[in-house]
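*Asks:* Have a look at this one before I ask anything.
In the working numbering, the protein residues as written are 36 to 746.
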């Protein structure tokens, strides 16, 4: 007997808004105007009906009992989480009155926005407030939490290309997952990789500890943190010295081979063994297998940039497919961020034309330093607005951020779903809408599909979508530009280049009907070999082994599309290994106090700091822990389950010791995302805010610490 159809149940197209390359297409199910379930779209070639452990009960997050429902103002000390409900009128009037006073007395650059990818929507996400703050003339914020050094290295080497199609990995014979824990952070691509493995592909994972992904590989190579560049350069040495390069491809489609070969001449496996800890024979084996097993494909993760020389390492790795001719083949090449081929109009989204010439720039990695007056700013920061990010757990030097947010002369506004660690310090807290409560298109940095998100329920209480908050603020600030009056639908009509070749046959109505669409122009997964005959989107049309005259820069979307005050330092024209700042080898004096390298990968059960306040997700992820090798534990009288303190001269945090050979001696691991208000510190208490070698990248894996029994 057929089950009767519930006519009150409706389904809608959704897109996962979180900071993840998979950007899953979802199906929202609504009954009686309530979101009752969320599941993966079975028709989407990447999602294929499945969601990760973070999102599998996404509907519950919308109705979490701690969710912010109304605007609030602070009534107690900053950080105390003492607030009282106010109206939106009072909130908006308080904010705009204060801002107008600051602008009159200190100038508009005394106000600083701070956002990131807590929402990846084109309308409500990373860049959603950029036009507003550009029109205000506020300080420009660089956002380089994750992948921006990688972007600089990638663009210098092969230009804004999507690289190998992530779906084409099914055709690869040799797959290298380099500094990416795909099983936790790129799950749907990991499924494709495992399917290729079942068909006979060899999977090599390069990671400094035995992650979930490494345990699913055929071969796990574990270099010391920050030494990947030495491994890549030694691979080049072997490939060239043994004649394994594709000379025809090199001669026709690359630039600077002679210079690269000369540099690689001295980068022997024996040289690299001393740096990486990987036996020279293993390096030779790896290089030979990679070069001769075509099509070979590399998936690089953002963790590869997280040491001082990380971006140079990425340049070296990005050169490998051209050196071996892997680009000739379907399923050959390298994958970073396919977003480079998405037709988004960032100039329209961000409106850099509104930014006054000479506007100062502050990088969000150095947020704490900016608040404490440690940066040489012409205009000190007197007010900040934070949305789509939780810097008090996600940014480095978090103790400085906390101290800065305690300033009584700092006016802080936070738009969020919960009283996060950062929101606890706000003067005004604004309740923000969640995914199912607003229309958007979700940016993807992991595949070649446009993803539509349909509003299917109203926000609870008085919560508002981010863009509506900025629309209302713009009106009260007297900003009359037409873009501040656009509806969310009109934003989407203007934010995408619907006339681009990649959008052939696709428009907003198509997305509303189907929920997603694959970009056109370069063929599907079974035929795409975009760079089989070069055609790289670089000045020469070639892969640049050498980039003469290169200057350091941060890619536009990560600095509001503003070109003023780019870093601008001269860059080495060739890739190479660049030492980390904090290792026992490079900084022995510091290592005498803090002898252990720490790495801080993403948590399996959280998405950055999202869900780290949810008891169900915390139960699945487990309490904050520190992974430590048996030798290091014994030297410190640490037992399994001991509560330990991890510390250096920047700060400290506590966690439960897990003794394991998943991590080599001299290294400890603590995952990112835990909330400070629920723990005694978090891992970014010990992280440095110093930049990496390119793109003002992070150095989260370039930190020395000591570990001791907590007292």
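C-beta: ideal position from N, C-alpha, C; glycine also.
Assuming residue 283 is part of the alpha helix (DSSP H), what are its boundary residues?
*Replies:* 282 to 288
*Asks:* Under a three-way DSSP split, which group does residue 277 fall into?
*Replies:* coil
*Asks:* In its own chain, which residues sit with a C-beta less than 7 Å from the C-beta of residue 344, not counting the 5 before and 5 after it?
*Replies:* 261, 264, 612, 613, 614, 615 and 728
*Asks:* Enumerate, from N- to C-terminal direction, the unbroken alpha helix (DSSP H) stretches of 4 or more residues contained entirely within the region 320 to 394.
*Replies:* 345 to 359 and 381 to 385
*Asks:* From the DSSP output, read off the bridge partner residues of residue 107.
*Replies:* 120 and 464
*Asks:* Residues in the same chain with beta-carbon distance under 6 Å from residue 740, minus the five sequence neighbours each way, listed in chain order, please.
*Replies:* Counting only residues of its own chain and dropping the five nearest sequence neighbours on each side, residue 740 has a CB closer than 6 Å to the CB of 629, 631, 633, 681, 683 and 721.
*Asks:* Touching or not, the region 573 to 580 and the region 190 to 203, by the rule of three or more beta carbon pairs under 8 Å?
*Replies:* yes
*Asks:* Beta-carbon within less than 7 Å of residue 94's beta-carbon, same chain only, minus the 5 sequence neighbours each way: which residues are those?
*Replies:* Close CB contacts of residue 94 within its chain, under the 7 Å cut and outside five residues either way in sequence, are with 70, 71, 72 and 73 (chain order).
*Asks:* Using the C-alpha atoms, what's the distance from residue 580 back to residue 610?
*Replies:* 7 Å
*Asks:* How far does the beta strand (DSSP E) with residue 485 in it extend, from its first residue to its last?
*Replies:* Segment 484 to 488, the beta strand (DSSP E) holding residue 485.
*Asks:* Starting from the Cα of residue 92, find the closest Cα among 365, 646 and 458 and give me that residue.
*Replies:* 646
*Asks:* With a cut-off of 8 Å, do at least 3 Cβ pairs link the region 650 to 666 to the region 689 to 709?
*Replies:* yes
*Asks:* Within 10 angstroms of its Cβ, does residue 355 collect 16 or more other Cβ (buried), or is it exposed?
*Replies:* Burial call: buried.
*Asks:* From this set, 142, 281, 454 and 297, which residue's C-alpha is nearest residue 100's C-alpha?
*Replies:* 454
*Asks:* Please report the straight-line C-alpha distance between residue 526 and residue 518, rounded to a whole angstrom.
*Replies:* 8 Å
*Asks:* Compare the beta carbon distance of residue 380 and residue 532 with 7 Å and say whether it is the shorter of the two.
*Replies:* yes
*Asks:* Sort out for me which residues DSSP pairs residue 447 with in a bridge.
*Replies:* 419
*Asks:* With 16 other CB atoms within 10 Å as the buried threshold, where does residue 335 fall?
*Replies:* buried
*Asks:* Is residue 708 near residue 643, with beta carbons less than 7 Å apart?
*Replies:* yes
*Asks:* Is it true that the CB of residue 458 sits closer than 7 Å to the CB of residue 464?
*Replies:* yes
*Asks:* Please give me, in chain order, every unbroken run of the beta strand (DSSP E) with length at least 3 that falls completely inside the region 528 to 594.
*Replies:* 551 to 553
*Asks:* When you compare only the Cα positions, how much space is there between residue 676 and residue 667?
*Replies:* If you draw a straight line from the Cα of residue 676 to the Cα of residue 667, it comes to about 15 Å.
*Asks:* Mind listing, in chain order, the continuous alpha helix (DSSP H) runs of no fewer than 4 residues lying wholly within the region 642 to 718?
*Replies:* 650 to 656 and 665 to 670
*Asks:* Check whether the region 51 to 71 touches the region 467 to 482, counting contact only when three or more Cβ pairs, one atom from each stretch, lie closer than 8 Å.
*Replies:* yes
*Asks:* List, from N- to C-terminal side, the beta strand (DSSP E) runs of 3 residues or more that fit wholly inside the region 155 to 239.
*Replies:* Runs of the beta strand (DSSP E) inside the region 155 to 239: 175 to 177 and 209 to 213.
*Asks:* So, under 8 Å CB-CB, residue 299 and residue 318 are touching, yes? Tell me the CB distance rounded to an integer number of Å.
*Replies:* Contact flag wrong, Cβ pair sits at about 13 Å.
*Asks:* Are there 16 or more other CB atoms within 10 angstroms of the CB of residue 467, so buried, or fewer, so exposed?
*Replies:* buried
*Asks:* Distance, Cα to Cα, residue 415 vs residue 449?
*Replies:* Taking the straight line joining both Cα atoms gives about 19 Å.
*Asks:* Which same chain residues, not among the five before or five after residue 375, have their C-beta less than 7 Å away from its C-beta?
*Replies:* 195, 196 and 197
*Asks:* Do residue 213 and residue 121 have their C-beta atoms closer together than 7 Å?
*Replies:* Here residue 213 is not near residue 121, since their CB atoms are 7 Å or more apart.
*Asks:* Flag this pair as touching only if the region 388 to 398 and the region 162 to 173 have three or more C-beta atom pairs under 8 Å; answer yes or no.
*Replies:* yes
*Asks:* Spatial neighbours of residue 521 within its chain, please: CB distance less than 7 Å, with the 5 preceding and 5 following residues excluded, ordered by chain position.
*Replies:* 529
*Asks:* Per the contact definition of three or more C-beta pairs closer than 8 Å, is the region 221 to 240 in contact with the region 248 to 256?
*Replies:* yes
*Asks:* Here's a check: name, in chain order, each residue in its chain whose Cβ is nearer than 7 Å to the Cβ of residue 452, leaving out the five neighbours to either side.
*Replies:* Excluding positions up to five away in sequence, the list reads 102, 103, 467 and 469.
*Asks:* Could you compute how far the alpha carbon of residue 420 sits from the alpha carbon of residue 258?
*Replies:* 40 Å
*Asks:* Who pairs with residue 743 in a beta bridge, going by DSSP?
*Replies:* 680
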